[in-house]
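Per the working numbering, the sequence shown starts with residue 22, numbered consecutively. We put the beta carbon where it would ideally sit given N, CA and C, even for glycine.
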Amino acid sequence: MAAPTNTEPVIIVGGGLAGLVAAFELSQQNVRTLIIDQENEANLGGQAFWSLGGIFCVNSAEQRRLGIKDSRELAMRDWFGSARFDREEDYWPRKWAEAFVNFATDEMEAYVKTRGIGFLANVGWAERGDGRAEGHGNSVPRFHLTWGTGPEVVRVFAEPVRAAEKKGIVEFKFRHMVDEIIVDDTGRAVGVKGRVLEPDDSPRGVKSSRNVVGEFEFRGAAVLVSSGGIGGNVDKVKQCWPVDRLGPKVPENFVIGVPAHVDGRMIDITEKAGANVINRDRMWHYTEGLQNWDPIWPGHGIRILPAPSSLWLDATGKRLPPFLFPGTDTLATLKHICSTGYDYTWFITDQTIVAREFALSGSEQNPDITGKSIWQFLMQRVFSSKGTQAVQNFVNKGADFVVRDNLEDLVAGMNELVANVPGAPQLDPAAIREVVETRDGQFDNPFSKDAQAMLIHSARNYWPDKRARVAVPHRLLDVKNHGPLIAVRLNLLTRKTLGGIETNLDSNVMRSDGTLFPGLYAAGEAAGFGGGGVHGYSALEGTFLGGCIFSGRAAGRAMAREVLGKSAD
């Protein structure tokens with residue numbers, strides 16, 4: 022094996038997935054690399070560790086085995102129908118979108134499987150769409166769930182990077198918080214400076230100390246910003262909130278879907294150095310958030326990943342309109358909820374639906390998959406009448422759940438749950454009964470005029486969903502066979518930054534005048550998962566980890582070429 026380069030190292034700010042992928046690519050070319058992170062060593066891998074591990078692939082082996090007919094053309098149409106690019110600054114995001122779909126079709130599967138990732142046999146169907154062929158959503162299942170979830174995605178890149186550390190190719194500096202990107206007189210990024218934070222052995226994800234014990238300055242051959250987005254910084258989320266699109270006002274209350282260190286600092290620092298930051302108002306926040314009964318970070322929220330059967334009501338008890346059904350169109354649902362003037366909604370559902378259709382975000386909420394236990398997976402997800410143990414814990418201990426044997430008592434419990442929430446409306450039991458009975462009347466036949474009923478029947482045409490994901494259609498008030506009734510208060514949950522630092526297809530940062538910023542790169546969420554916003558306005562899921570992998574790979578290979586002065590592909 023060749024010796025490491027003797028040049029100054031490439032500096033990577035942020036040891037999340039994008040940074041690890043870039044470091045992996047650099048290490049394959051023996052390019053010295055310095056990874057700097059404000060958190061401790063336990064947090065290596067960043068947000069990806071906490072993820073469910075979904076990866077967007079097109080025409081994969083798993084899809085073909087299930088009889089799913091997917092194609093580059095269909096995926097491209099879905100992507101652009103969801104992204105709805107409409108701005109001058111979308112030049113590079115458009116380029117990234119096309120490149121990402123091509124990568125997801127031609128290389129993603131082989132790239133991650135070569136590293137050691139395996140997928141579950143059943144491909145998930147996330148963001149099922151807004152009911153229009155040309156509109157938002159996945160026309161077919163594309164959510165490939167990693168066997169081992171987020172920790173496995175992190176492991177397959179962290180292990181070779183750690184091996185490169187032992188060979189002297191890679192060095193880590195934890196508890197180093199960057200405050201400035203150093204730019205020389207020629208306009209090139211040549212290093213970073215900042216503050217050293219006191220040692221803190223807090224477990225992964227726990228908010229850490231910001232007490233300063235020193236300063237640092239490092240010089241490098243190039244600098245990569247891969248520090249994540251703004252989802253852990255509620256003030257920043259509110260500051261960027263697009264009232265014109267998601268008004269009429271900024272929501273007041275959120276649960277938090279990412280650790281506190283996902284603060285967006287480096288995006289602002291990179292902009293101050295001269296980088297162009299675009300599409301700040303494009304974000305991806307979920308509408309099915311739960312208060313975590315066993316939190317790790319402040320305000321810790323968990324998302325329900327729902328299948329389509331639960332009845333979704335706004336805070337006043339009105340049914341959400343078509344095509345705002347569980348698991349269909351996150352952004353449109355968020356927009357509608359914001360238009361009501363309230364920060365929460367309700368699911369009315371039952372034990373049968375919860376057991377079959379409620380999955381939870383987070384690697385720690387899915388120990389069967391994270392721990393690669395086929396036995397637990399089958400017993401909890403296929404054969405259980407209660408759902409996974411994690412779901413049962415939320416039903417029994419979660420602050421947002423109401424469980425009752427009849428509808429009147431359920432509504433009383435819902436009213437009691439929000440009784441101390443300022444301005445929260447009290448629900449009329451008679452009005453709720455009318456909504457539920459009207460819905461139930463559409464489930465006596467295998468055909469219906471109700472769009473949600475049609476969606477449920479359509480979903481069950483996909484046999485993995487019929488077997489293990491979508492409940493048998495039934496009346497909610499059939500408590501004898503499917504009860505008890507369960508209501509769930511759903512909170513808005515912060516998660517992803519869709520805009521960010523503008524880059525070209527090499528992840529090289531752009532200045533506001535359209536010129537390249539020499540020596541400065543950005544990848545992952547800090548770069549809007551590529552180009553400053555590869556998703557446009559809406560995401561298709563499985564594309565956040567995928568975007569970190571693709572943009573980190575591009576950055577690592579481009580920086581290797583720059584340092585070595587040759588093709589590193």
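Suppose you measure from the CA of residue i to the CA of residue j; what does that come to, to the nearest Å?
i           : j           : result
residue 133 : residue 163 : 15 Å
residue 585 : residue 50  : 9 Å
residue 543 : residue 61  : 22 Å
residue 172 : residue 212 : 30 Å
residue 488 : residue 318 : 35 Å
residue 179 : residue 581 : 18 Å
residue 546 : residue 313 : 24 Å
residue 192 : residue 250 : 24 Å
residue 195 : residue 526 : 29 Å
residue 438 : residue 492 : 27 Å
residue 432 : residue 482 : 33 Å
residue 383 : residue 405 : 20 Å
residue 440 : residue 392 : 40 Å
residue 407 : residue 480 : 21 Å
residue 22  : residue 101 : Note that residue 22 scores a pLDDT of 45, beneath 50, so its modelled location is shaky and nothing firm can be said.
residue 395 : residue 389 : 7 Å
residue 186 : residue 54  : 9 Å
residue 140 : residue 346 : 27 Å
residue 78  : residue 165 : 7 Å
residue 210 : residue 241 : 8 Å
residue 427 : residue 460 : 16 Å
residue 563 : residue 473 : 24 Å
residue 561 : residue 206 : 42 Å
residue 589 : residue 57  : Any reading at residue 589 must be qualified, since the residue scores a pLDDT of 47, below 50, and its modelled position is unreliable; no value is offered.
Can you tell me which residues form a DSSP beta bridge with residue i?
i           : result
residue 529 : 542
residue 304 : 518
residue 327 : 379
residue 210 : 204
residue 170 : Per DSSP, none; premise fails for residue 170.
residue 400 : DSSP output for residue 400 lists no bridge partner at all.
residue 603 : Residue 603 lies beyond the stretch modelled for the chain, which goes from 22 to 590, so this question has no answer here.
residue 501 : Note: residue 501 sits in no beta bridge, so no partner.
residue 244 : 32 and 541
residue 333 : 368
residue 321 : 277
residue 511 : 366
So residue i and residue j are supposed to be a Cβ contact under 8 Å. How far apart are they, rounded?
i           : j           : result
residue 225 : residue 70  : 7 Å
residue 198 : residue 59  : 4 Å
residue 368 : residue 341 : No, residue 368 and residue 341 are not in contact; Cβ-Cβ is about 10 Å, not under 8 Å.
residue 156 : residue 349 : That belief does not hold up - the Cβ atoms of residue 156 and residue 349 are roughly 10 Å apart, past 8 Å.
residue 411 : residue 386 : 4 Å
residue 76  : residue 167 : 6 Å
residue 120 : residue 83  : With a Cβ gap of about 23 Å, residue 120 and residue 83 do not count as contacting.
residue 344 : residue 152 : 4 Å
residue 513 : residue 310 : 6 Å
residue 47  : residue 577 : 5 Å
residue 476 : residue 280 : Not a contact, Cβ separation roughly 34 Å.
residue 74  : residue 37  : So it is not a contact: roughly 14 Å between Cβ atoms.
residue 263 : residue 554 : That pair is no contact at about 13 Å.
residue 549 : residue 232 : Not a contact, Cβ separation roughly 32 Å.
residue 307 : residue 278 : 7 Å
Mind checking residue i: buried by the 16 CB within 10 Å criterion, or exposed?
i           : result
residue 304 : buried
residue 147 : buried
residue 222 : exposed
residue 409 : buried
residue 99  : buried
residue 159 : buried
residue 375 : buried
residue 96  : buried
residue 184 : exposed
residue 378 : buried
residue 417 : exposed
residue 597 : Any property of residue 597 remains undetermined from this structure, which presents the chain solely from 22 to 590.
residue 117 : buried
residue 429 : exposed
Would you say residue i touches the ligand SAM, meaning its beta carbon is less than 7 Å from a heavy atom?
i           : result
residue 180 : The ligand SAM is not part of the structure shown, which contains no ligands of any sort.
Just checking: is the beta-carbon of residue i within a distance shorter than 8 Å of some beta-carbon in chain D?
i           : result
residue 219 : In summary, chain D is missing from the structure at hand, where a single protein chain is found.
Examine the Cβ distances between the stretch 487 to 498 and the stretch 258 to 273 and report whether three or more of them are shorter than 8 Å. No contact exists between the stretch 487 to 498 and the stretch 258 to 273.
With a cut-off of 8 Å, do at least 3 Cβ pairs link the stretch 444 to 457 to the stretch 352 to 361? No, the stretch 444 to 457 does not touch the stretch 352 to 361.
Would you check if the stretch 512 to 529 and the stretch 288 to 297 touch, i.e. whether three or more CB-CB distances between them fall below 8 Å? Yes, the stretch 288 to 297 touches the stretch 512 to 529.
Examine the Cβ distances between the stretch 125 to 142 and the stretch 563 to 572 and report whether three or more of them are shorter than 8 Å. Yes: at least three Cβ pairs fall under 8 Å.
Meets three-Cβ-pair contact criterion under 8 Å: the stretch 277 to 294 and the stretch 238 to 250: As far as the Cβ criterion goes, the stretch 277 to 294 touches the stretch 238 to 250, which means the pair count is three or higher.
Contact between the stretch 232 to 247 and the stretch 262 to 278 is defined here as three or more beta-carbon pairs at a separation below 8 Å; is this criterion met? No contact exists between the stretch 232 to 247 and the stretch 262 to 278.
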